[in-house]
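Student:
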Amino acid sequence: MSLFSKEPRKVVKGPVETKKVVKDGGKKLKKQKSRFKGPTMENVETVVEVKTVGDIPPALEARKLIGENDLIGAAKLTFQAAKKDYSRYFGARLSDSEGSRHFFINELSSMNIKVPENGYVDSFTIMEAFDDVVTTEDDSKNRAQALRKLLTFYLNFYEPARFAQEVSFDGDDLMNRFSEIYNYMDIMKLYFSDSDVRV
Numbered sequence: 002m003s004l005f006s007k008e009p010r011k012v013v014k015g016p017v018e019t020k021k022v023v024k025d026g027g028k029k030l031k032k033q034k035s036r037f038k039g040p041t042m043e044n045v046e047t048v049v050e051v052k053t054v055g056d057i058p059p060a061l062e063a064r065k066l067i068g069e070n071d072l073i074g075a076a077k078l079t080f081q082a083a084k085k086d087y088s089r090y091f092g093a094r095l096s097d098s099e100g101s102r103h104f105f106i107n108e109l110s111s112m113n114i115k116v117p118e119n120g121y122v123d124s125f126t127i128m129e130a131f132d133d134v135v136t137t138e139d140d141s142k143n144r145a146q147a148l149r150k151l152l153t154f155y156l157n158f159y160e161p162a163r164f165a166q167e168v169s170f171d172g173d174d175l176m177n178r179f180s181e182i183y184n185y186m187d188i189m190k191l192y193f194s195d196s197d198v199r200v
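If you're matching positions, the sequence shown starts at 2 in this note's numbering and goes up one per residue.
1) Does the structure place the region 125-136 close enough to the region 80-89 that three or more beta carbon pairs sit under 8 Å?
2) Have a look at R178, K190 and I106 and flag the residue whose alpha-carbon is nearest the alpha-carbon of T153.
3) Please state whether DSSP places D56 in a helix, a strand or coil.
4) Taking all protein chains shown into account, do 16 or more other C-beta atoms lie within 10 angstroms of the C-beta of K65, making it buried, or fewer, making it exposed?
5) What residues in its chain sit with their C-beta under 6 Å from that of I106, if we drop five residues either side in the sequence?
6) Taking the alpha-carbon of L156 as reference, which of N143, R144, D139 and L175 has the nearest alpha-carbon?
7) Return the chain-ordered list of same chain residues with a C-beta closer than 6 Å to the C-beta of L95, the five sequence neighbours on each side being excluded.
8) Mapping DSSP to helix, strand and coil, what is R94?
9) For a quick check, are the C-beta atoms of I57 and A162 less than 7 Å apart?
10) List, from N- to C-terminal side, the alpha helix (DSSP H) runs of 4 residues or more that fit wholly inside the region 146-170.
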């Protein structure tokens, strides 16, 4: 019956049965043997553990202090830890007899930058000295940038925490600025022994 034929269509009422015919050739399929003779392949899962600045001990301790509402203690702890890590990572000389401003001025001197005498009391003089820092090697750039971040952290967080009765910064800002210092250092080398090289 074609689509346009004039024959009436047959309408079937009730259930319609359909039969499915499956032809079986009577052959059984054999399992194919692998041509590979050796150890069986196994799925191996690799777990990569990513460490961040938030995982290093000073950050964990600082978060604990912030949770206890001790922003002053957190600021002091994070600056001292970052200064020590900077010294370890870049091989800077630390002296217990000299203050932090001496440390910054000595570091700038090691980069051939002369800071005027009033830099020991004037924060802007030290910051202006960074404008003269010119580096070509990546390691020197990282060192200069880490030192700049460390100095900014010192001026904005450590000094107010050390000399003021109250501070105007919050814990999140403190931890964000602390983390920025480590953008120029490899925390795996500093803190995690699974790393190839430990500083």
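A virtual CB, placed ideally from N, CA and C, is assigned to each residue, including glycine. Please read these numbers as outputs of a predicted model, since none were measured by experiment.
Tutor: Straight from the coordinates:
1) no
2) R178
3) helix
4) exposed
5) V116 and G120
6) L175
7) S88
8) coil
9) no
10) 160-164
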